[in-house]
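Trainee: Here it is, the structure in full.
As structure tokens, then:
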């Protein structure tokens, strides 16, 4: 931590207070204060998760360029010594959102999803939490979801002895059917980890998005994660659907779209998330 403090001094921000705060299960987090400003600092291992914060900063910039969501301003991203990496962001003072704010969030997500690409993927592999996301460009969503999302995570779970070879086979069977499960849509820019912990209502009630795991994917993935973990007002979903209606029967596809975030949580936290994964795979 001393190395990081030295780096912060070099930024000449006049920091006079550093307070540890709860910042999720992944990073060490701190609130920094100067005479007239506050900042949010995230710290993690530079060796275990190479370029974690540089990739996050690039993702925030990519979302900013779409002119859809507000994102926190990146003050500095870098490394300290051989062991640490850090990301310094502006501090977002939170408040309670109104129904109108939730509606605007839905409309803004719909606008984000109207940024399209010729192929599914991203210009670099990145992270969801601390798990690497392979993002090699692929022509079809079914191939991308199978080869870059479902099967890599299944193998990681198998390595931890959390699933069986039979469940691997079930996942393979599912992957063979993906082309008939998801409707064909253009690859759209998605947040990638759109749960309620990654949206913040500022003092005006307007939402800022954080911790993106972006790539060009199927837009139902963002909706699936929002539905999976809850905390979203129905006004959000209504406004999204009015702005950019989902294809029919999307509710029936939700468990398949939710499989990937459940695989991530099973890998990170085990417990009942493993059972949720097993429940989905039983059908295949």
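In full-length UniProt numbering, the protein residues as written are 1 to 284. C-beta: ideal position from N, C-alpha, C; glycine also. Being a predicted model, the structure only gives us computed values, none of them experimental.
Closest by CA to residue 236, which one among 103, 242, 124 and 173?
Mentor: Translated into the one-based positions of the chain shown, residue 236 becomes position 236. Considering only alpha carbons, the answer is 103.
Trainee: Is DSSP giving residue 190 helix, strand or coil here?
Mentor: On the chain shown, position 190 is the one that residue 190 refers to. In the structure shown, residue 190 sits in a strand (DSSP, three-state: E or B).
Trainee: First and last residue of the alpha helix (DSSP H) that includes residue 143?
Mentor: What you label residue 143 is simply residue 143 of the chain shown in a count that begins at 1. It spans 141–145 - the alpha helix (DSSP H) in which residue 143 sits, taken as one unbroken run.
Trainee: Expressed to the nearest angstrom, what Euclidean distance is found between the alpha-carbon atoms of residue 286 and residue 137?
Mentor: The structure shown has nothing for residue 286, since the chain only spans 1 to 284.
Trainee: Leaving out five residues before and five after residue 62 in sequence, what residues of the same chain have Cβ atoms less than 7 angstroms from its Cβ?
Mentor: For this step, residue 62 is matched to residue 62 along the chain shown. These residues qualify, in order along the chain: 214.
Trainee: Do you know offhand how far residue 165's Cα is from residue 158's?
Mentor: On the chain shown, residue 165 is found 165 positions in, with the first residue counted as 1. On the chain shown, residue 158 is found 158 positions in, with the first residue counted as 1. Taking the straight line from one Cα to the other gives about 8 angstroms.
Trainee: For residue 162, I'd like the list of residues in its chain whose CB is within less than 8 angstroms of its CB, leaving aside the five on either flank, ordered along the chain.
Mentor: The count along the chain shown starts at 1 and reaches residue 162 at position 162. Contacts found: 266, 267, 270 and 274.
Trainee: With residue 31 as the anchor, note down where its beta strand (DSSP E) starts and where it stops.
Mentor: Counting from one through the chain shown, the residue named residue 31 turns up at place 31. Looking at the DSSP string, the run of the beta strand (DSSP E) that includes residue 31 is 28–33.
Trainee: Closer than 7 angstroms by C-beta to residue 9: which residues in its own chain qualify, once you throw out the five before and the five after it? Chain order, please.
Mentor: Translated into the one-based positions of the chain shown, residue 9 becomes position 9. Nothing listed; no residue qualifies.
Trainee: Hey, quick one: how far does the alpha helix (DSSP H) through residue 268 stretch, first residue to last?
Mentor: Your numbering for residue 268 matches position 268 in the chain shown. From DSSP, the alpha helix (DSSP H) with residue 268 extends over 250–269.
Trainee: Output yes or no for whether 8 angstroms exceeds the beta carbon distance between residue 46 and residue 84.
Mentor: Counting from one through the chain shown, the residue named residue 46 turns up at place 46. Counting from one through the chain shown, the residue named residue 84 turns up at place 84. Against a cut-off of 8 angstroms, the Cβ pair of residue 84 and residue 46 comes out as a contact.
Trainee: Just to confirm, is the Cβ distance from residue 181 to residue 256 under 8 angstroms?
Mentor: Indexing the chain shown from 1 puts residue 181 at position 181. Indexing the chain shown from 1 puts residue 256 at position 256. Yes, these two residues count as a Cβ contact at 8 angstroms.
Trainee: To the nearest angstrom, how far is it from the Cα of residue 149 to the Cα of residue 113?
Mentor: Here residue 149 is taken as the residue at index 149 of the chain shown, counted from 1. Here residue 113 is taken as the residue at index 113 of the chain shown, counted from 1. For residue 149 and residue 113, the distance between alpha carbons rounds to 19 angstroms.
Trainee: Using the beta-carbon count (16 or more within 10 Å), is residue 2 buried or exposed?
Mentor: For the purposes of this step, residue 2 is identified with residue 2 of the chain shown, where counting begins at 1. Classification for residue 2: exposed.
Trainee: Taking three-plus beta-carbon pairs below 8 angstroms as touching, is the stretch 118–125 in contact with the stretch 238–257?
Mentor: Because the criterion of three Cβ pairs below 8 angstroms is not met, the stretch 118–125 and the stretch 238–257 do not touch.
Trainee: With a threshold of 8 angstroms, are at least 3 pairs of Cβ atoms found where one atom belongs to the stretch 181–194 and the other to the stretch 39–54?
Mentor: Because the criterion of three Cβ pairs below 8 angstroms is not met, the stretch 181–194 and the stretch 39–54 do not touch.
Trainee: Which residue from 200, 246 and 202 puts its Cα closest to that of residue 222?
Mentor: Here the question's residue 222 lines up with position 222 in the chain shown. The candidate whose alpha carbon is nearest that of residue 222 is 246.
Trainee: For residue 94 and residue 82, I'd like the C-alpha separation in whole angstroms.
Mentor: Translated into positions along the chain shown, residue 94 becomes position 94. Translated into positions along the chain shown, residue 82 becomes position 82. Going from the Cα of residue 94 to the Cα of residue 82 covers about 34 angstroms.
Trainee: Given residue 200, which residues of its chain have a CB within under 6 angstroms of its CB, disregarding the five upstream and five downstream residues?
Mentor: Reading the chain shown from its first residue, position 200 is the one you call residue 200. Here the set comprises 92, 94 and 208.
Trainee: Which of the three DSSP states, helix, strand or coil, is assigned to residue 71?
Mentor: Counted from its first residue, the chain shown places residue 71 at position 71. In this structure, residue 71 counts as coil in the three-state DSSP scheme.
Trainee: Going by the DSSP bridge assignment, what does residue 216 pair with across the sheet?
Mentor: Within the chain shown, residue 216 is the residue found at index 216, counting from 1. Residue 216 is bridged to 121 and 189.
Trainee: In the structure shown, what three-state DSSP assignment does residue 329 receive?
Mentor: Nothing in the structure corresponds to residue 329, since the chain is present only between 1 and 284.
Trainee: For the candidate residues 276, 277 and 263, whose alpha-carbon lies nearest to that of residue 131?
Mentor: In the chain shown, the residue the question calls residue 131 occupies position 131. Residue 263 is the option with its Cα nearest to residue 131.
Trainee: Bridge partners of residue 170, per DSSP?
Mentor: The count along the chain shown starts at 1 and reaches residue 170 at position 170. Note: residue 170 sits in no beta bridge, so no partner.
Trainee: Less than 8 angstroms separating the beta-carbons of residue 286 and residue 74?
Mentor: Residue 286 is absent from the model: the chain starts at 1 and stops at 284.
Trainee: Short of 6 angstroms in beta carbon distance, which residues of its chain neighbour residue 17, apart from the five on each side in sequence? Order them along the chain.
Mentor: On the chain shown, position 17 is the one that residue 17 refers to. Excluding sequence neighbours, residue 17 sits near 33.
Trainee: Which stretch, first to last residue, makes up the alpha helix (DSSP H) that contains residue 236?
Mentor: In the chain shown, residue 236 corresponds to position 236, counting from 1. Where residue 236 is concerned, the enclosing alpha helix (DSSP H) stretches over 234–243.
Trainee: With 16 as the cutoff for other CB atoms within 10 Å, does residue 204 come out buried or exposed?
Mentor: The residue labelled residue 204 in the question sits at position 204 within the chain shown. Result: exposed.
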